[in-house]
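Just below is one structure, and these are the notes that go with it.
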Amino acid sequence: MQIRSIIILIFIGWHSLLFPQEKYLTKQGNISFYSHTPVEDIKAENKQVLSIVDLSTGEIAISILMKSFVFEKALMQEHFNENYVESDKFPKATFTGKIQNLQEVMSGDNGVAEVDGKLTIHGITKPVQIEARTDTENEKISLTGKFMITVADYDIKIPAIVRNNIAREVEVSFKLEHLPYR
Amino acid sequence: MKKSILILFFLGLCTHMSAQDLMEILDEETPQHTEYISATFKGTRIINGHSIENRKKGVLEFLISHRFGRINDGIDEFFGLDDSNIRFALEYALTDNLMFGVGRSSFEKTYDGFVKYKLLKQATGKKPFPLSVSLFGSAAWKTLKDYDPEDKPDFSDRLFYTTQVLMARKFNENLSLQLSPTYVHRNSVKIDADPHDIFAVGAGGRYKISKRVSVNAEYFYTVNPLKSVNTKDVFALSVDIETGGHVFQLMLSNALTMIEKAFITETTDDFFSGDIHFGFNISRAFHLGKKHRRIPDEGEQEW
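So the protein lines, in turn, are chains A and B.
Under the working numbering, the letters of the first sequence match residues -17 to 164, in that order.
Under the working numbering, the letters of the second sequence match residues 144 to 446, in that order.
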């Protein structure tokens, strides 16, 4: 019995030597969104985004606490959480995806990672394709970029009275600076 | 044979670190923090009385409140609408926890000033707390010249003070309830039998029927009412409608006035015999002390 467990442990240990953990994590990722209309510009920023990237597989996972978005006006923030994204029901937005051109990115041939994945906001999951500029500096791996999302895709209803104040598509910018995990 | 299957299984587990597993790592790494409950009530008033809510720092609110005459006055008085009491007020939040306001009511030409401080906040997470507590204090100065010119009262004789401890809990997204122990002090009274110090307790709540509409109810029980007039406990029902920076409150109540010392201790109409007044509160929030992208010619539009 003991020998069996030892063998298993050796295999696992050996395995992790062959494939070292290449996970990079941040807890202070930066994600902001920007809605532009002729009437009003609305901007909100979240500086407490959790993001992890596994360079051995190219997998990425991002977790965003909706209540951590800070708006210029307190009332907007309250309405965002209460009426639009319903943060009590859906506290987090998440993204899971994979870098499609991992080898190119790792070898330094291409500074832009093509990430395919699923974005979940307000309980609705949609496939998204995002381009992220990758920079490696010492131990730090950063992903930066922006993409557009359509508000209606995520079943976020905008009442007629403020339809001119909120853009149908909002621009999402991200800056995630990962450091080695463990 | 079983052994090797087991080993292969373990190896399999190790190689496939999927995005889902990464998500689990993120969940583990999520820092624990205290989250304060927001929007227990939509407005700074439940109906007549104050709620535990303050405006956020730098917000100036212009509040217009009306209470019309009695609905049961009938068509001759256009169901009370011919007669109206109004209060204008400017209310400003100095910090997220401290706000003050000044108002002027047409009823007895009364000026009032108040301070409201958020003492404790309902929270979940690391340091949970079950309810929110706010302290409220106000002074009202009656300027109606309803006295005998021979016997002019001095300034302090015309002052009234109200102190409240507001305690509320947001039970869920829709339901919030509040208890408001109240102490009203009158510097002068009409007859000796009238108490200078009146104690009352208010109970109120709101239930959201949609994201932007709620129904509210509020009742104040007065422990030792005035003796010189036959007063009634104040009861009110309202509908709150929120549109961006505005909150509209439409209400039915037996109160004729909009400041604590008056509606809690001086209401004489009886709601349940039909002495009901229609009324409304309209508020408009303006953001001061912040950078504006546009010239703030009028109220900054909210969403």
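We put the CB at the ideal spot given by N, CA and C, even for glycine.
Quantities reported herein were computed from a predicted structural model and do not represent experimental measurements.
Each of I24(A), K9(A), L7(A) was checked against the Cα of F15(A), and the nearest Cα belongs to I24(A). The continuous beta strand (DSSP E) containing I81(A) extends over residues 74 to 81. Between the C-alpha atoms of P20(A) and V144(A) there is a straight-line separation of about 12 angstroms.
Of all residues in the region 30 to 62 of chain A, only Q30, L32, S33, I34, V35, D36, S38, T39, E41, I42, A43, I44, S45, L47, K49, E54, K55, A56, L57, M58, Q59, E60, H61, F62 place a beta-carbon less than 9 angstroms from a beta-carbon of chain B. Sorting G217(B), G244(B), D225(B), L318(B) by C-alpha distance to the C-alpha of S426(B) places G244(B) at the top. Cβ-Cβ distances below 7 angstroms link N146(A) to T19, V21 in the same chain, with the five nearest sequence neighbours on each side left out; the list follows chain order. Within chain A, the residues placing a beta-carbon under 8 angstroms from that of R355(B) are N65, P141, ordered along the chain. Every beta strand (DSSP E) of 3 residues or more that sits fully in the region 21 to 57 of chain A is shown, in chain order, as 23 to 36, 41 to 47. Counting only the Cα atoms, Q392(B) lies some 18 angstroms from G223(B). Not a single C-beta of chain A is nearer than 7 angstroms to the C-beta of E409(B). Taken through DSSP and simplified to helix, strand or coil, L369(B) comes out as coil. Near chain A, meaning a CB-to-CB distance below 7 angstroms, no residue of the region 235 to 252 of chain B qualifies. Exclusion of the five residues before and after F415(B) leaves no residue of its chain whose Cβ lies closer than 6 angstroms to its Cβ.
Taking the beta carbon of K199(B) as reference, the chain A residues within 9 angstroms of it are K55, A56, L57, Q59, E60, listed in sequence order. Under DSSP, the beta-bridge partners assigned to K157(A) are N12(A), T126(A). DSSP, reduced to helix, strand and coil, places A379(B) within a strand of the structure shown.
In this structure, DSSP gives E220(B) a helical state, which the three-state scheme calls helix.
If you check the CB distance, Y350(B) and V358(B) come in under 7 angstroms. With fewer than three CB-CB distances shorter than 8 angstroms, the region 165 to 174 of chain B does not count as touching the region 193 to 209 of chain B. Here E121(A) carries a coil assignment [DSSP, helix/strand/coil]. In the DSSP secondary-structure assignment, F363(B) is bridged to G345(B), V377(B). Taking one beta carbon from each stretch, the region 77 to 93 of chain A and the region 53 to 62 of chain A have fewer than 3 pairs nearer than 8 angstroms; the two do not touch. Counting every other CB atom within 10 Å of its CB across the protein chains shown gives Q265(B) a total of 16 or more, marking it as buried. For I218(B), not one C-beta of chain A is nearer than 7 angstroms to its own C-beta.
When K270(B), S353(B), E196(B), V327(B) are compared, the shortest CA-CA separation from Q175(B) is found for K270(B). With a threshold of 16 other beta carbon atoms within 10 Å, S371(B) falls short and is exposed. Contact annotation for G387(B) against chain A: I143, V144 [CB-CB distance below 7 angstroms, chain order]. In the three-state scheme derived from DSSP, where H, G and I count as helix and E and B as strand, F415(B) is classed as helix. With respect to the C-alpha of K375(B), the residue from I407(B), R355(B), T305(B) having the closest C-alpha is I407(B). In this structure, E385(B) and R355(B) form a Cβ contact; the two beta carbons are roughly 5 angstroms apart against a cut-off of 8 angstroms. For D70(A), a Cβ of chain B is located within less than 7 angstroms of the residue's own Cβ.
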